[in-house]
Every structure is written in C-alpha cells, then in structure tokens.
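Numbering (the working numbering), first residue to last: 2 to 888.
The beta-carbon is built from N, C-alpha and C at its ideal position, and this holds for glycine as well.
Since we're looking at a predicted model, the values are computed, not measured.
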Ligand SMILES: [Zn+2]
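Here it is, written out as structure tokens:
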C-alpha cells in the first residue's frame, strides 16, 4: 500500500550485488496458516570491494530467528522489518546465515509468494515473490543452488514438489507426516524457485532426449481431471523434440513437472523443472475446450518449456532485461506453432494480436520501449510491448541475418552465456559476432518506443526499366521520448508482375539477399533495375518489421495482390487494407448520420478468396474477419466514437453475409464434418471457417441464420462448435439467445473453466443492457473475486473487449470497472492494475467520453490508499506527455 512516495528503479543505477549467495537450503514445514520456512544461505562478499552492509529483501515477512555461522545474532546485530533485513556489520568473508520466518499462505490473496489455490499450496515468485517467503537478495543476478526439504501432514499434502531432482522422501516416524527433499543442481535466481504441496492427481510419461537420456514427465492436476491432460502432455513432448531439432537444446534434469492450479495471476510460470500453470492452459477435452483452448495449451506449454534455456539456464541480469527472456521465448513459441500448424495462419494471427494490443499500447500513454529504463512497479511491465514486440525484434534479427547466421548467433548465445544472468547487449552482440555486422543502430528497437511509420513513394520508369522507391520513416513521440532517431528496418518485399509471378529483384544491379531491403535513414531511396513492367508492390512481406506502412496503392492493385501475391500474409493484408479504408470512411459516415457504403471491390476480393478451394480454410476464415474495433480506433487516432466503429464494422460483416450468402452457406455445409472431434490444425481450420460462415450468415438477420446457429448450439458434439454458435447467438437480441445461455449454464455449472466462457461471453455483448447484466453477474453465486480467471472472464472481458459498453457515453462502464479495481486492489493489486490498463486509450476518444474517463481516472488517483501497482498505471495513464521532455 502507498505508505511512502514510490521510488522509481532506473536501469542506469544498476550495479552488481555486494554479496553473493552460493547455496540455499530451505526447510519448509507446510501449515495452512503458520508455515515455517528455515533458510540456510551461504553468503560471501562479491569481489574485493569495501565491506558493505548486507541488506536482504522482504515483503510482509515475520522473522522468528536468525543465526550467523550457527550462533544467534544479538538483537543489536541486525534490523528486521517486514520488508527488509539489514546486517550493518556483516563479516567481510564467507558465512552461513540461517533465517526462520513464518507465513500464512491461506490469507495470501496477492497470489505472490507461498499461497493456496483451493487446498493446494503453491508458489509464484516472479518477479519479486521469493521475498514473501524468506529474506533474500531477491534479484535475478543472484544465482544459487537450491536444496528444498518440504514437510507436511500426509492427508493435507500427499504430493510434495520442488525444483530439480528428488533426492529423498519418506514418512516421519511416529507421526502422520512425511517429507521430500529436492535438489536442483543448476544455479538459478530466486524468481525461478517453486514448491507445491497438495493432494493431486498425476499423469506420467517419459521422453528420451537426443543424447539418449530418459526424462520422466509428470503433470499434476486436481484429482478426477487426469483425463484432460493428454493434449498438454503431447504438446510437451512435441515441444521438447522441436527445441532439440530447431535450436539444438536438450532438457537437463531427470524429471520435468507441470502443476495445474485454479488460482493463478498469470498464464503459467517457468520455474526450473517445476512449471506451475493456470489450469486453463493444461486441461482440455473435446467437450470442454475449444480449438482456441487447445492451441493456447500447445503454445503456453511450449513457451514455458522453452524458457528452460531462454530464461532459466540463461536468465536476465535485472528486470529491465525482461524482454531478453520473454520476447525471445515468445518468438520461439510462435515458430514452434508455425511449424506444428500453419506458418501463414500463425503469422497472421500473431500480427492481428500485435496490432490489437501492442500497437494500441504503443500509441497511448502506457507506451514504453521493449527494454524500459525506468519502472515504479515491475509487475506492470509484463506487457504486449515486452512480450510481443520483443518477439518481433528477435524476428527482425533473423530477417536481417538470414536463418543460418541467426542460428549460429543463437548457438553462440547458448554457449557463451549458459549459467549467466545476461543483458540485451550481450544477446545482440552474439549476432554481431557471428555476422560481422554492426548492430548498434538496431539496438534502438530496444530503446525507442512507438510504432515506426514508413511512407513509400514508388516511381517506375518504363523506358529505363527502373523502379525507384523513396522511403521515409518516422518514429512518433512517446512518453519521455519526444525525438527519435531512425531505426534499422528490414523490409521484405516482392515485385509482382501482371501474371502474378514475382519479378527478379535486382537492387543496384545485384540480387537482394533474403529479399529484404534495410532502411537505416529517415529518407532513403532504393533503385531496382531490369524491372520489365510496372509491378504491383508487395511490401513488408510476412510482416518482416512491426511498422505502420503507407503506400499509395489503389484498390485495383490491392485486389490483384489479394488474389495473386505469393506471400500469404500480404494476400490477407491486401484485404485488410481494403477493409480498413472502407471502415474508416464508414465510421465518419455513421457519425454524421449516414448509412455505411458498400465497396464492390472488397466484395470481389473476398469472393475470389472464397472461391479458391486451394487455400487453407483457417486462412480463409482469417480473411473473412475485418480489422478489430481496437485496430480501427487506433487507425482513426483521435476523436474516436466506439459506437460508430462498432456500427461500421458490424455493417461490413452483415454486408459480407448478404453479398456472399449462397457461397457462405455452401462452405458451411462443406466444412461440416460428421467425424469425431480431433484437435489437429486442419480440423480446427475447417471448424474456424465453418463458424465464420455461421456468424456472417446470422448477421443478415434472417430467421434461417439464427435458426442455423441455434441448431448448431443444440446439436454440437464439441465445445468449439457449441461455443461458436453461442457467440453468434450472443450478438442477436432474440429469444434463442437467452435460451442458449440458460442451457449452457445448466450443462456446465460444475466446470469452472467452461463457466468462465459463460461469464466472458455475456460481458462482451455490445448492448446498453450489458452493464446491468455484468453488475448482476458480479453477485452471481458462481462469481468469485478471489479467482483471477473469473475476474478476467467477467470484468476483464468487459473492460478490454467490449469497446462500446466499457466506453459508454454516460461513463457508467468506467465507473463500474474503477469501482471493481478499487475493491480488488487491497486483495490482488497485480490483477487490479491489469484491469486498470483498459483506460489506456482514453485520450483518443471523442470529447464526452474523454471527459468521463478522465473524471474516473482522477477519482481513482485521488484515493488515499492505492497499491503501487494501480497507482503506477493510473499516474502514467493520466500523465500529459504531449510535450514532455525526456525524463
Ligand atoms: Zn514467458
């Protein structure tokens, strides 16, 4: 809570720790309200500097005893507060420090440190949770070897897990208690520590690594849910094999464990050898999980597993380097999914997500560089910028160097920095070393926030057969960064000839390596020779750089690219560009009371794609989906009316449904399968296309369209189809909607993960009655503010995904979310702050909503007691950065 002015942490203030901790021996005796933790730390001075006081971090800790080299420290030998333990005169030599603390895991509602999810004891230590377990140098550059003994009543916790390998376990004679000892031979920072105790079911398997070692695999879940772990286990084994084949990375311990818990602040956590997961990313069955859930499980299981090398073996020197593990690991999991499923579909999906979340973040008051230089609360930097833009930056290194040099750079990174806490500079230096390139300008991607805007002016000289591209780039100002320098931008491109084939790419007479030109200056020109005809320009193929591109390209050319570009991403992009142009103009028309215009050219482009049976169904489904409301609002930029954005988008989708009705109905029938459900990507793609057709057909408001959806709802034999039908019905205020929602609750009342979907879907209905409905749902017996998944499902979905109702003109949406945040803040500040970030685009709204949002934000900011988490988000959201000098 806000007891003192929060002090910012700055990258420039980094200095190595004064002390090292070599080994940590923990002895944890689990108890619901009085767990004791004895920690024996081997401490030594770091380097030959002058003697320094030993200052250990704590957070709400209660010290029971402290001994130095076996002897109790006298009362005047140390100062212990809940958040710090200081030994001013620590001996300037190696010594053992034994600290005993006592914790109450049951009342730990922040879900950081040791807490209980249901009756299961579990931990979450990233970023700064270990200091809630014992006093420690709780910073990632202090890496130690951990041995963990856990003891508990057998009936309370039959399973006792910690990082590493199991070295001893057994009953404690004469008692009803037992113990387990785990040893992790790999040095790790404290944020990767984990322990779990509970009565859990287990699914076991094994994996033989590329060097022939046998690794035991185990997934622990609530008893009775073992039959829902199959896909997670299968994903894990595929991820382990892929990392061997693609990056040469082999698993290192004797066992790899995953524990699924129901109360978790994040998606999952990569603790060494013992990943703790939000059960949403583990449990799946055809009857309870959608294709999206299956894909999410595959991606998150892989992501956390890949952290074993990018995060655990090589960790971050400090929290400013968070993108070093997250951006890189997101890149790795995206590549894994691309290889497992469809590269084109994965890329389009990732870019859609990037634009809807990261581009929006980059355009608002919470914009920050991929590697920030200052934070008040690190928990607020687990952002789309660090994760997704961080992944794009790694992808650009690959685009610049080509795949072979990229792999060589990764290999060098793994060998050079194994066992270390590294920095972004060290990572990028590996690529400079293997390629001989100077990467210093490229580093601006880590230091400059904002989405670069690239303007391209093409000039074709048919007599000289020369194409000249004049390219300008600007990086817009962002908070604290009014003036930017030009970036290194790898722009993949193709020149498409009239027959649809690519023309040769000769830049200044030489073939272009990897088909990529490199922008490095504010203004640059590129000359292509021997261009036999006026080409259609296919720029930023595969979205080679996370930039906003503007090219004077007319609708005919876009339709041509939509039909012929050999780069599937740009085929999709051409349709998106056509749709965005129309949508922006229709938003203005709707606001002035006019009717949205129809664009025959766009309809023709879509028609060509619908007819092309060679295309992957999942790709066609993505093409049928116009830019998101968030994306349209960001493109409009200011004076945004979310109601008009929604109306224009819905009108376009209804027009597609009407215009292509017969074709959509035919595809719906063709994509419908009588086979038993299978979660594989081709089957999922067919369902995605089928359900996209279902939705567009219902938007024509014909009774047949609604009846088709209601039929599908009732007769579906899997959650994907049932949920898709319910989503379609949710958008229509018809009697079938209420009937389906009631039925859905009755069917799945006992299944929390499915009931989350029920809450979320009601929260995103874009109708004025939704606010009252959501308010009523907060009082529903199934709603609990103690469960982050439930909060995200109801309040998070309303705030982040219901653009018209969160941004109600009367401000009711803002007040509702703010009031909920204020109530939640004392219990779980991390989740509260996350909800509060829904206000991040308030300055772009039209005047009345802007005023209402500001009033609400100022009311929250004025609260006498506010967590540092929420305080930080509100302060940054309100800050006027219009002309702010660098701070
Ligand atoms: Zn991660």
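Checklist entry - Cβ atoms of residue 619 and residue 892: under 8 angstroms apart, would you say? => result There is no way to answer for residue 892, as the model of the chain reaches only from 2 to 888.
Item to check | 6 angstroms Cβ shell around residue 574 - same chain, five flanking residues per side excluded | outcome: Position 573 of the chain shown holds residue 574. Cβ within range, chain order: n/a, list empty.
Next on the checklist: For residue 889, report the span of its alpha helix (DSSP H) as first-last.
Outcome noted: Here the chain has residues from 2 to 888 only, and residue 889 is not among them.
Next on the checklist: Please report the straight-line C-alpha distance between residue 140 and residue 509, rounded to a whole angstrom.
Outcome noted: Within the chain shown, the letter at position 139 stands for residue 140. Within the chain shown, the letter at position 508 stands for residue 509. Approximately 51 angstroms between the Cα atoms of the pair.
Checklist entry - Which two residues bound the contiguous beta strand (DSSP E) that contains residue 462? => result Taking the chain shown and counting its residues from 1, one reaches residue 462 at position 461. Run containing residue 462: 454-462, per the beta strand (DSSP E) assignment.
Item to check | Rounded separation between residue 872 and residue 461 - CA only | outcome: Working through the chain shown from its first residue, we reach residue 872 at position 871. Working through the chain shown from its first residue, we reach residue 461 at position 460. Those two C-alpha atoms are separated by around 54 angstroms.
Checklist entry - Distance, Cα to Cα, residue 248 vs residue 217? => result By 1-based counting over the chain shown, the position of residue 248 is 247. By 1-based counting over the chain shown, the position of residue 217 is 216. One C-alpha to the other measures close to 22 angstroms.
Checklist entry - Residues in its own chain within less than 6 angstroms of residue 401 by CB, not counting five upstream and five downstream? => result As a working mapping, residue 401 is identified with position 400 in the chain shown. Excluding residues within five positions, the ones whose Cβ falls inside 6 angstroms are 491.
Item to check | Presumed contact (8 angstroms Cβ cut-off) between residue 450 and residue 632, rounded CB distance | outcome: Locating residue 450 in the chain shown gives position 449, where the first residue counts as 1. Locating residue 632 in the chain shown gives position 631, where the first residue counts as 1. Actually they do not touch by this definition, with Cβ atoms about 19 angstroms apart.
Checklist entry - residue 849 to residue 867, Cα distance in whole Å? => result On the chain shown, residue 849 is found 848 positions in, with the first residue counted as 1. On the chain shown, residue 867 is found 866 positions in, with the first residue counted as 1. Rounded to the nearest angstrom, the two C-alpha atoms are 27 angstroms apart.
Checklist entry - Are the beta-carbon atoms belonging to residue 422 and residue 142 less than 8 angstroms from one another? => result Translated into the one-based positions of the chain shown, residue 422 becomes position 421. Translated into the one-based positions of the chain shown, residue 142 becomes position 141. Yes, Cβ-Cβ distance for residue 422 and residue 142 is below 8 angstroms.
Next on the checklist: Is residue 1 near ligand 1 - that is, is its Cβ less than 7 angstroms away from at least one heavy atom of it?
Outcome noted: Lying before the first or after the last residue shown, residue 1 is absent from the chain, which here runs from 2 to 888.
Item to check | Cβ-based neighbour list, residue 690, same chain, cut-off 6 angstroms, excluding 5 preceding and 5 following | outcome: Taking the chain shown and counting its residues from 1, one reaches residue 690 at position 689. Same-chain partners within the cutoff: 618, 621, 622 and 672.
Item to check | Beta-ladder partner(s) of residue 67, from DSSP | outcome: As a working note, residue 67 is residue 66 in the chain shown. Residue 67 is bridged to 100.
Checklist entry - The beta strand (DSSP E) with residue 279 in it runs from where to where? => result Position 278 of the chain shown, counted from the start, is the residue given in the question as residue 279. Here the beta strand (DSSP E) through residue 279 covers 275-279.
Next on the checklist: Which same chain residues end up closer than 6 angstroms to residue 424 when comparing Cβ atoms and leaving out the 5 residues on each side of it in sequence?
Outcome noted: Within the chain shown, numbered from 1, the residue matching residue 424 stands at position 423. Result list for residue 424: 318 and 322, in chain order.
Item to check | Top-ranked residue by Cα proximity to residue 67, from 726, 58 and 98 | outcome: Position 66 of the chain shown, counted from the first residue, corresponds to residue 67. When only C-alpha atoms are compared, the closest one is 98.
Next on the checklist: Taking 7 angstroms as the cut-off, is the beta-carbon of residue 354 closer than that to any non-hydrogen atom of ligand 1?
Outcome noted: Here the question's residue 354 lines up with position 353 in the chain shown. For ligand 1, not one heavy atom lies less than 7 angstroms from the Cβ of residue 354.
Item to check | When 566, 553, 533 and 531 are compared against residue 897, the one with the closest alpha-carbon | outcome: Absent from the structure is residue 897, since the part of the chain shown begins at 2 and ends at 888.
Checklist entry - Curious, which full-length alpha helix (DSSP H) runs of at least 4 residues does the stretch 560-644 contain? => result 569-592, 601-612, 618-624 and 630-637
Item to check | Runs of alpha helix (DSSP H) lying entirely within the stretch 213-270, each at least 4 residues, in chain order | outcome: 231-248
Checklist entry - When DSSP labels each residue in this structure, what does residue 1 get in the three-state scheme? => result Because the chain in this structure spans residues 2 to 888, residue 1 falls outside the shown range and cannot be described.
Item to check | Member of 175, 635, 91 and 326 whose CA lies at the smallest distance from the CA of residue 311 | outcome: Counting from one through the chain shown, the residue named residue 311 turns up at place 310. Comparing Cα-Cα distances from residue 311 to each of 175, 635, 91 and 326, the minimum goes to 326.
Checklist entry - What does a CB cutoff of less than 8 angstroms around residue 1 pick up in its chain, not counting 5 residues either side in sequence? => result This structure leaves residue 1 out entirely; the chain is present only between 2 and 888.
Checklist entry - DSSP puts residue 45 in a beta bridge; with which residues? => result Numbered from its first residue, the chain shown carries residue 45 at position 44. DSSP output for residue 45 lists 21 as bridge partner(s).
Checklist entry - I think residue 641 touches residue 847, with their Cβ atoms under 8 angstroms apart; what is that distance to the nearest whole Å? => result Against the chain shown, residue 641 aligns to sequence position 640. Against the chain shown, residue 847 aligns to sequence position 846. Confirmed, about 6 angstroms.
Next on the checklist: Would you say the beta carbon of residue 386 is closer than 7 angstroms to some non-hydrogen atom of ligand 1?
Outcome noted: What you label residue 386 is simply residue 385 of the chain shown in a count that begins at 1. Checking the Cβ of residue 386 against ligand 1 gives no.
Item to check | Three-way DSSP call (helix, strand, coil) for residue 881 in this model | outcome: The sequence position of residue 881 within the chain shown is 880, counting from 1. Coil.
Item to check | residue 403 versus residue 333: straight-line alpha-carbon distance, rounded | outcome: Here residue 403 is taken as the residue at index 402 of the chain shown, counted from 1. Here residue 333 is taken as the residue at index 332 of the chain shown, counted from 1. Approximately 16 angstroms between the Cα atoms of the pair.
Item to check | Neighbourhood of residue 300 by C-beta distance below 7 angstroms, restricted to the same chain and skipping five residues each side | outcome: In the chain shown, counting from the first residue as 1, residue 300 sits at position 299. The residues are 334 and 338.
Checklist entry - Quick one: what does DSSP say residue 504 is sitting in, helix, strand or coil? => result On the chain shown, residue 504 is found 503 positions in, with the first residue counted as 1. Residue 504: coil per DSSP, three-state reduction.
Checklist entry - Can you round the beta-carbon distance between residue 272 and residue 193 to whole angstroms, since I take them to be within the 8 angstroms contact cut? => result Indexing the chain shown from 1 puts residue 272 at position 271. Indexing the chain shown from 1 puts residue 193 at position 192. With 8 angstroms as the limit, residue 272 and residue 193 qualify as a contact, their Cβ atoms being about 5 angstroms apart.
Checklist entry - Just how far apart, CA to CA, sit residue 136 and residue 790? => result For the purposes of this step, residue 136 is identified with residue 135 of the chain shown, where counting begins at 1. For the purposes of this step, residue 790 is identified with residue 789 of the chain shown, where counting begins at 1. Cα to Cα, residue 136 sits roughly 30 angstroms from residue 790.
Checklist entry - So, are the CB atoms of residue 220 and residue 259 less than 8 angstroms apart? => result In the chain shown, the residue the question calls residue 220 occupies position 219. In the chain shown, the residue the question calls residue 259 occupies position 258. Result yes, Cβ atoms of residue 220 and residue 259 sit closer than 8 angstroms.
Item to check | Sheet register partners of residue 804 (DSSP bridge) | outcome: In the chain shown, residue 804 corresponds to position 803, counting from 1. Residue 804 pairs with nothing; no bridge assigned.
Next on the checklist: For residue 184, which residues in the same chain have their Cβ closer than 7 angstroms to its Cβ, ignoring the five residues on either side in sequence?
Outcome noted: As a working note, residue 184 is residue 183 in the chain shown. The answer, listed in chain order, is 148, 165, 166 and 168.
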